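Student: Handing you this structure, nothing more for now.
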């Protein structure tokens with residue numbers, strides 16, 4: 001009986017091992033299907049200083065940008081207003097804030113959504129009794145799968161001027177609409193192509209490629 005019991009236990013262990021391995025294989029397969037236009041995968045991938053810094057330097061053109069802190073899926077809640085859940089909120093060494101958002105739907109008011117997110121960030125970071133001049137500069141970077149504004153540009157920076165003059169209106173808020181549908185040959189367009197594939201074998205995008213490879217291919221990543 002003891003031998004039979006031992007054999008039965010061994011068979012059960014083998015069955016459990018197969019189940020664990022099968023579950024692992026499914027997790028790996030599912031992870032490899034994700035791309036960076038998924039706000040879930042993007043939030044995980046860019047919750048890493050090197051990867052986030054790589055993306056922000058390209059999209060903002062600030063080549064010496066150094067990421068200091070990152071928050072992913074960061075919730076801003078107010079008692080009497082709608083919550084905002086930011087995909088990525090990062091801060092650089094100069095105190096500037098960067099909100100990265102992924103949007104795959106065309107059915108919402110994109111301009112007012114960015115306005116709301118900007119207002120929520122401002123209200124979160126200006127404490128009572130502080131001066132308006134202490135508000136940090138904020139970059140809201142809105143990444144979409146399609147060309148929302150249908151003018152054939154990869155990136156649409158919002159520029160603010162007084163009337164018909166060339167005098168800039170600088171309130172410290174900078175909005176960039178970026179899309180993955182238009183390939184104009186720019187560095188931003190190449191980055192968006194990578195966002196669409198998130199190919200773990202494509203190592204041409206520095207720290208971002210390393211992060212994606214880790215998440216999709218290495219133990220502890222998936």
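Residue numbers (UniProt numbering): 1 to 222. Glycine included, each C-beta is placed from N, C-alpha and C at the ideal position. What you are looking at is a predicted structure, and each value in this text was computed from that prediction instead of being measured.
1. According to the Cβ coordinates, are residue 88 and residue 72 closer than 9 Å?
2. Between the stretch 134-149 and the stretch 168-176, can you find at least three pairs of beta-carbon atoms closer than 8 Å?
3. When the distance is taken between beta carbons, is residue 121 closer than 9 Å to residue 138?
4. If you run the structure through DSSP and keep just helix, strand and coil, what is residue 68?
5. Given 8 Å as the limit, is there contact between the stretch 52-71 and the stretch 163-171, that is, 3 or more CB pairs closer than that?
6. Determine contact between the stretch 146-154 and the stretch 112-120, defined as no fewer than three beta-carbon pairs at a distance below 8 Å.
7. Using only the alpha-carbon positions, how far apart do residue 134 and residue 118 sit?
8. Grab the span of the alpha helix (DSSP H) containing residue 122 for me, first residue to last.
9. I need the DSSP call for residue 144, collapsed to helix, strand or coil.
10. Does residue 1 pass the burial test, meaning 16 or more other C-beta atoms within 10 Å, or should it be called exposed?
11. Which whole runs of the alpha helix (DSSP H) in the stretch 128-197 are 4 residues long or more, in chain order?
12. Taking 7 Å as the limit between beta carbons, can you name the residues of its chain near residue 83, skipping five residues before and five after?
13. In the structure shown, what three-state DSSP assignment does residue 46 receive?
14. Under 8 Å, with one C-beta from each stretch per pair, do the stretch 177-197 and the stretch 43-53 reach the 3-pair mark?
15. Consult DSSP for residue 76 and reduce its assignment to one of helix, strand or coil.
16. Sort 80, 128 and 56 by Cα distance to residue 97 and report the nearest one.
17. Give the secondary structure of residue 99 by DSSP, where H, G and I count as helix, E and B as strand, and everything else as coil.
18. What is the DSSP secondary structure of residue 58, reduced to helix, strand or coil?
19. So residue 211 and residue 50 are supposed to be a Cβ contact under 8 Å. How far apart are they, rounded?
20. Look at the alpha carbon of residue 180 and the alpha carbon of residue 52, and state the distance between them as a whole number of angstroms.
Tutor: With the given structure in hand:
1. yes
2. yes
3. yes
4. strand
5. no
6. no
7. 15 Å
8. 110-125
9. strand
10. Below a pLDDT of 50, predicted positions are generally treated as unreliable, and residue 1, at 48, falls in that range; no measurement from the model is reported.
11. 187-197
12. 75, 76 and 77
13. coil
14. no
15. strand
16. 56
17. strand
18. helix
19. 7 Å
20. 18 Å
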